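Start counting the sequence shown at 4; every next residue gets the next number (my numbering). Here a beta-carbon is modelled for each residue, glycine too, at the ideal position from N, C-alpha and C. Remember, it's a predicted structure, so these values are computed and weren't measured experimentally. Just below is one structure, and these are the notes that go with it.
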Amino acid sequence: MPAPEISIIIPTRNRAAILRRCLRALEKQMAPHDRFEVIVVDDGSDDETPHVLREPYNLSLRFLSLHHQCANAARNRGAALAQSELLLFLGDDTLAAPEVVEAHLEAHAARSHVSVGVLGRITWLPSLLHQPFLRFLAEPDCAHQSSFTGFDPENVPVGRLYGSHHSVKRCFFEQHGGFDEYFTMPAFDDIEMEFRYRKSGFRLVYEARAQAFHDHPYTFTSYCERTRMVGRMSVRLYQKHPKSATLTGLWERLRMPVDEAEFQKKIARLEEAEVQLKRLPEDSEEFQIGYNELCKEWTQALLEAQSLGARETFQKETT
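This is the structure:
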């Protein structure tokens, strides 16, 4: 039996229900299922994930279990198991549209050089957008999520290699190193790898046909915690690549005067403001005014969350 043409690598931990939806979406791929394999690496789950992985799927599925290390360790172990010449990294909370595998295969076939990677598109699952905060994150110009506008699709600028949906040639990945396991939180690990790859002539192209949907219902509070992680990992990115401070705005975040106690009060106030907003008719002028005002406040609060994470890590790891 010939080897598959592309290996889909999915790290996961304690997200059994979302992982099941991710795998069911891959069952619906237009590409013949003998053209791809799926490798799931469970990073020490203690929920129903092992049971989910043993369910029957119409997929060529393999899985590996690790004692809790980090998502990047899981990605690297998955890549080591791959039988294909192409590696497609997908998030466990990412639902691939039916064209995803076919689009990545065709994009690589058209650009066969080993140094070319392919960025797929990620948008929020439409059913989540009834929540005002998630609608804010889905705005095309929101600086706190992935952005797919304002660049040449054949030469995607640095900072857009999103770890939850991109593909690379396995030989390039192996030659120049995989994900850096020093990045123990899900932030800037993909950009760190991109910085390394760019030094070796890596080029990233964007394939809009490769559409996937982010199935992760954040609240404002939980997203603030995620953004603090972004701040923490921006310091680690700076340690590896000092020039990254311009990209991440690290120095601006470190200078922001943010008080922890006042910030926690702000989170509570903005959560309540969103509750009040959801009581208004969405087509009303009052809703739109309130939503626009909250967008401004959410933007500032997320910058403050990133500042807090960056400051605490900078003090611990650079002094």
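Asked, Found
"Complete runs of the beta strand (DSSP E) confined to the region 19-89 [at least 3 residues]", "39-46, 64-69"
"I292 classed as buried or exposed, judged by whether at least 16 other C-beta atoms fall within 10 angstroms", "exposed"
"Spatial neighbours of K243 in its chain, beta-carbon cut-off 8 Å, leaving aside the 5 residues before and after", "D183, Y185, E195, F198"
"CB of R173 within 7 Å of CB of L273, strictly", "no"
"Coil, strand or helix - T152 by DSSP", "coil"
"Beta-carbon contacts of A146 that lie in its chain and below 8 Å, excluding the five residues immediately before and after", "T302"
"Residues near R80 in its chain [Cβ-Cβ closer than 7 Å; skip 5 each side]", "V44, L67, L69"
"Beta-carbon proximity of L93 to I11, cut-off 7 Å", "yes"
"L137 versus Y221 - alpha carbon distance", "7 Å"
"Simplified DSSP assignment, three categories, for Q214", "strand"
"Nearest to L250 (by Cα), restricted to the options A77, E88, V161, R23", "V161"
"Classification of A99 by the beta-carbon crowding that lies within 10 angstroms, buried from 16 upward", "buried"
"Within 7 Å, strictly: CB atoms of E307 and F266", "yes"
"7 Å Cβ cutoff, A76 in contact with chain D", "Going by chain labels, chain D is absent from the structure shown, which holds only one protein chain."
"Residues bridged to F92 (per DSSP)", "I12, H169"
"A313: first and last residue of the uninterrupted alpha helix (DSSP H) it sits in", "288-320"
"Bridge-paired residues (DSSP) for T126", "F216"
"Range covered by the alpha helix (DSSP H) that runs through T224", "223-243"
"First and last residue of the uninterrupted alpha helix (DSSP H) at L250", "247-251"
"Sequence-distant residues of the same chain with beta carbon closer than 6 Å to A190, five excluded per side", "M232, V233, M236"
"Pair within 7 Å by beta-carbon distance, R27 and P7", "no"
"Opposing strand residues paired with Y209 [DSSP bridges]", "L122"
"R256, buried or exposed, once every other Cβ within 10 Å from all chains shown has been counted against 16", "buried"
"Beta-carbon contacts of D218 that lie in its chain and below 8 Å, excluding the five residues immediately before and after", "I21, R24, C25, D96, T97, L98, L128, L131"
"Nearest candidate by alpha-carbon position, reference C227, set P245, D262, I270", "I270"
"Host beta strand (DSSP E) of A113 (start-end)", "Element bounds for A113: not the beta strand (DSSP E) but the alpha helix (DSSP H), 103-113."
"Unbroken beta strand (DSSP E) run spanning L98, endpoints", "97-99"
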